[in-house]
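Student: Sharing a structure below in structure tokens format, with a few things to ask.
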Amino acid sequence: KELHSHLSSRGEKGGPVHRFFSLGAKCFPGRYIVREYERVVIFRLGRLLPGRARGPGLFFYLPCLDKCHKLDLRLKTFEVPFHQIVTKDLVTLEVDAVCYYRLENAPVFLTSVSTTSNALQLLVQTTMKRLLAHKWGIIKSHFPVRKDVKLPDDVKQSMAIEAEAQRQAKVKVIAAENEKVVSESLKLAAETLSGSPAAIQLRYLQTLQCMTSERPATFFLPLPFDLMNLNSMPRVQESSGTSNPTKPESEKEQGKKKDSPML
Numbered sequence: 028k029e030l031h032s033h034l035s036s037r038g039e040k041g042g043p044v045h046r047f048f049s050l051g052a053k054c055f056p057g058r059y060i061v062r063e064y065e066r067v068v069i070f071r072l073g074r075l076l077p078g079r080a081r082g083p084g085l086f087f088y089l090p091c092l093d094k095c096h097k098l099d100l101r102l103k104t105f106e107v108p109f110h111q112i113v114t115k116d117l118v119t120l121e122v123d124a125v126c127y128y129r130l131e132n133a134p135v136f137l138t139s140v141s142t143t144s145n146a147l148q149l150l151v152q153t154t155m156k157r158l159l160a161h162k163w164g165i166i167k168s169h170f171p172v173r174k175d176v177k178l179p180d181d182v183k184q185s186m187a188i189e190a191e192a193q194r195q196a197k198v199k200v201i202a203a204e205n206e207k208v209v210s211e212s213l214k215l216a217a218e219t220l221s222g223s224p225a226a227i228q229l230r231y232l233q234t235l236q237c238m239t240s241e242r243p244a245t246f247f248l249p250l251p252f253d254l255m256n257l258n259s260m261p262r263v264q265e266s267s268g269t270s271n272p273t274k275p276e277s278e279k280e281q282g283k284k285k286d287s288p289m290l
């Protein structure tokens, strides 16, 4: 190459010596240095050379027969714009994403895909599960869905109505459970108070006190006199208990008086 440039600078382009050295420079094997993150795919006379891609390091090729294509194996990214998808519950969403990818098989990739970004973008938009096919020589590194998700207005309204209905249903269920617990407690309290009339009177007075303690007000309630007398109920029970045993004795005496010795 240096000899060819030297002869070209001197203007000896058409001579036989120039053509000889030019042909020798083209036939002499060239050298190519590949970095660690790069690979080189070689086509000889239009055909892909068998084997894996060359690199990293130094390798030789024939300039007149071979054509080298250098590829980068580092991680690459591109942004997928907003596109509509339909979920399993038939909800339409607008989602954008960021795709991270890297080359796995350089020869297959170079002979399979012409425009990488367009192919990957269409593939990401059609499916969220399978981004890239292995036959393209590319594997997916990771695919995070961004936080920006747009919902249509009718879907937002439907979701709001459904959420409100669920909240109201939960409130009704909680209220019914509380009412059940309260009714059971009232049942137990009624069974307890039924055996003690004085306790009923005290509970009645406590209820009146609670009514007047929250807000100062005047209440007119018809209240029997016997209900206010706490000592009346036990005395009534004692009097009723003592009167019952004397009743059969009086009936016996009346029977004796009716039965005369003459009969």
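The sequence shown begins at 28 in my numbering and counts up one residue at a time. Glycine residues also receive a C-beta, built at the ideal position from the N, C-alpha and C atoms.
#1: Leaving aside the five residues before and after residue 277 along the sequence, list all residues of the same chain whose C-beta is less than 7 Å from its C-beta, in chain order.
#2: Compare the C-alpha of residue 151 against each of 90, 73, 129 and 108 and name the closest.
#3: If residue 92 and residue 71 are in contact, beta carbons under 8 Å, what's the gap, nearest whole angstrom?
#4: Please list, in chain order, all residues of the same chain as residue 220 whose beta carbon is under 6 Å from its beta carbon, the five residues on each side excluded.
#5: Hey, could you find the ends of the alpha helix (DSSP H) residue 140 is sitting in?
#6: CB residue 105 to CB residue 137, shorter than 8 Å?
#7: What are the residues that DSSP puts in a beta bridge with residue 69?
#8: Hey, how far is the Cα of residue 69 from the Cα of residue 185?
#9: Distance, Cα to Cα, residue 189 vs residue 196?
#10: To which residues of the same chain is residue 100 closer than 8 Å at the C-beta, ignoring the five residues directly before and after it?
#11: Tell me, please, which residues DSSP counts as bridged to residue 104.
#12: Residue 127 and residue 88: beta carbons closer than 8 Å?
#13: Looking only at its chain, what residues have a beta carbon closer than 6 Å to the beta carbon of residue 212, apart from the 5 residues adjacent to it on each side?
#14: Compare the beta carbon distance of residue 81 and residue 61 with 8 Å and say whether it is the shorter of the two.
#15: Can you give me the Cβ contacts of residue 193 inside the same chain, cut-off strictly under 8 Å, excluding the 5 residues immediately before and after it?
#16: Which class does residue 62 belong to by DSSP, given the choice of helix, strand or coil?
#17: Does the distance from the CB of residue 291 to the CB of residue 90 come in under 8 Å?
#18: Would you mind working out which of 143, 124, 183 and 135 sits nearest residue 79, comparing C-alpha positions?
#19: Based on the DSSP output, what are the partners of residue 191 in its beta bridges?
#20: From the beta carbon of residue 203, is the nearest beta carbon of chain D less than 8 Å away?
#21: Thinking C-alpha only, which one of 120, 202, 76 and 143 is nearest residue 179?
Tutor: Per the coordinate set shown:
#1: Locating residue 277 in the sequence shown gives position 250, counting from the first residue. The pLDDT assigned to residue 277 is 48, lower than 50, so where the model puts this residue is not dependable, and the model offers no usable value.
#2: Counting from 1 along the sequence shown, the entry for residue 151 is found at position 124. Of the candidates 90, 73, 129 and 108, the one whose C-alpha sits nearest the C-alpha of residue 151 is 108.
#3: If you number the sequence shown from 1, residue 92 lands on position 65. If you number the sequence shown from 1, residue 71 lands on position 44. Confirmed, about 5 Å.
#4: In the sequence shown, residue 220 corresponds to position 193, counting from 1. Result list for residue 220: 226 and 227, in chain order.
#5: As a working note, residue 140 is residue 113 in the sequence shown. Unbroken run through residue 140: none, as it is neither H nor E.
#6: For the purposes of this step, residue 105 is identified with residue 78 of the sequence shown, where counting begins at 1. For the purposes of this step, residue 137 is identified with residue 110 of the sequence shown, where counting begins at 1. No, the Cβ-Cβ distance between residue 105 and residue 137 is not below 8 Å.
#7: Translated into positions along the sequence shown, residue 69 becomes position 42. Bridge partners of residue 69: 95.
#8: By 1-based counting over the sequence shown, the position of residue 69 is 42. By 1-based counting over the sequence shown, the position of residue 185 is 158. Cα-Cα distance, rounded: 59 Å.
#9: In the sequence shown, residue 189 corresponds to position 162, counting from 1. In the sequence shown, residue 196 corresponds to position 169, counting from 1. Those two C-alpha atoms are separated by around 11 Å.
#10: As a working note, residue 100 is residue 73 in the sequence shown. Counting only Cβ-Cβ distances below 8 Å, and skipping sequence neighbours, we find 64, 65, 66, 129, 130 and 133.
#11: Along the sequence shown, read from residue 1 onward, the residue named residue 104 stands at position 77. 127, per the DSSP bridge assignment.
#12: One-based indexing of the sequence shown puts residue 127 at position 100. One-based indexing of the sequence shown puts residue 88 at position 61. No, the Cβ-Cβ distance between residue 127 and residue 88 is not below 8 Å.
#13: Residue numbering aside, residue 212 sits at position 185 when the sequence shown is read from its first letter. Excluding sequence neighbours, residue 212 sits near nothing in its chain.
#14: Along the sequence shown, one-based indexing puts residue 81 at 54. Along the sequence shown, one-based indexing puts residue 61 at 34. Judged by their CB atoms, residue 81 and residue 61 are nearer to each other than the 8 Å cut-off.
#15: Here the question's residue 193 lines up with position 166 in the sequence shown. Contacts found: none.
#16: On the sequence shown, residue 62 is found 35 positions in, with the first residue counted as 1. Coil at residue 62, not helix or strand.
#17: Since the first residue of the chain shown is 28 and the last is 290, residue 291 is not available in this structure.
#18: Within the sequence shown, the letter at position 52 stands for residue 79. The residue with the shortest Cα to Cα distance from residue 79 is 135.
#19: As a position in the sequence shown, residue 191 is number 164, starting the count at 1. Answer is none; residue 191 lacks a bridge partner.
#20: Protein chain content of the structure displayed is limited to a single chain, and chain D is not contained in it.
#21: For this step, residue 179 is matched to residue 152 along the sequence shown. The shortest Cα separation from residue 179 among 120, 202, 76 and 143 belongs to 120.
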